[in-house]
Amino acid sequence: MKKALAIIALSILVVSCNKATEVKEVKTAYIDTSVLMKEYTEAKDLEAKYKAQAEEKGRQLQAEISRFKQDAANFQSQAQANGQQWAQQRGAELQKREQQLGYAQQALSQQLQQESGVEMDSLVSGVKKFIKEYGKKNGYSYIYGTGDAATVLYAEDKYDITKEVVKALNDKYKASPKAEEKAPAKKEEAKK
């Protein structure tokens, strides 16, 4: 009887060891983040917005710089005619103005970087959230990022879902109300 029990136990053990364990397929993909940001319409719009702001504010500053250059050129020609005391006083004024223009250029650059940085951080955060939702919806276990800050050193092209994600992001962006459209609605609500 003991032999029969031992044989049955051994048979159950062998059968259970031979049973194939179920392995869930791991679905992975990657996104070229540099391509994503170049082709994502909202990122392009954001870049164009700040480029236009930089050009507009830069034009105003450039006009002041041109006036300064004109005054500096006039100073050169008038310095000998008006004497040394006038030249020293006027030279100090011009130096002070030049320094102020330098500070204004630096402040403008910092302001634009800060403003665009805040919006870009918000955009990147939104893209990450979208990719997470996209991954869950499409059954991905992992979605890696490549590009400037590469986290994947090699991947087969067949796992590249960059174009799909760019298309989905652009479709979502086109379908959402634009910031310009939201602003008038807020103003109208404020009037009420």
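When you read off a place in the sequence shown, starting at 1, and then add 454, the result is the number in my numbering. In this text, a Cβ means the ideal position worked out from N, Cα and C, and glycines have one as well.
The DSSP-derived three-state label of Ile-615 is coil. If you check the CB distance, Val-619 and Ile-519 do not come in under 8 Å. Within the model, the alpha-carbon separation for Ser-531 versus Met-491 is close to 52 Å. In the structure shown, Ala-483 adopts extended strand secondary structure according to DSSP, grouped into three states. Secondary structure note for Tyr-588: its alpha helix (DSSP H) is the uninterrupted segment 538–591.
When Phe-529, Gln-564, Gln-565, Ser-563 are compared, the shortest CA-CA separation from Gln-549 is found for Phe-529. Around the beta carbon of Val-581, a 10 Å sphere encloses 16 or more other beta carbons of the protein chains shown; the residue is thus reported as buried. Contact between Thr-487 and Asp-602 is confirmed by a C-beta separation of about 7 Å, below the 8 Å threshold.
Within 10 angstroms of the beta-carbon of Tyr-596 lie fewer than 16 other beta-carbons, which makes it exposed.
DSSP, reduced to helix, strand and coil, places Tyr-494 outside both helices and strands of the structure shown, so it counts as coil.
Per DSSP, Gly-599 is one residue of the beta strand (DSSP E) stretching across 596–600.
Here DSSP, grouped into helix, strand and coil, assigns Ala-526 to helix. By the criterion of a C-beta distance shorter than 7 Å, Ala-497 is surrounded in its chain by Met-491, Leu-577, once the five residues flanking it on both sides are discounted. For the pair Leu-555 and Ala-508, the CB atoms are not nearer than the 8 Å cut-off.
Assignment of Glu-501 by DSSP, reduced to helix, strand and coil, places it in the helix class.
One Cα belongs to Ala-533, the other to Lys-503, and the distance between them is close to 45 Å.
DSSP, reduced to helix, strand and coil, places Ala-629 within a helical segment of the structure shown.
Distances from the alpha-carbon of Ile-615 to those of Ser-630, Ser-563, Lys-626, Tyr-594 put Tyr-594 closest. As the crow flies, the alpha-carbon of Ser-630 is around 32 Å from that of Val-606.
Under the three-state reduction of DSSP, Glu-509 is assigned to helix.
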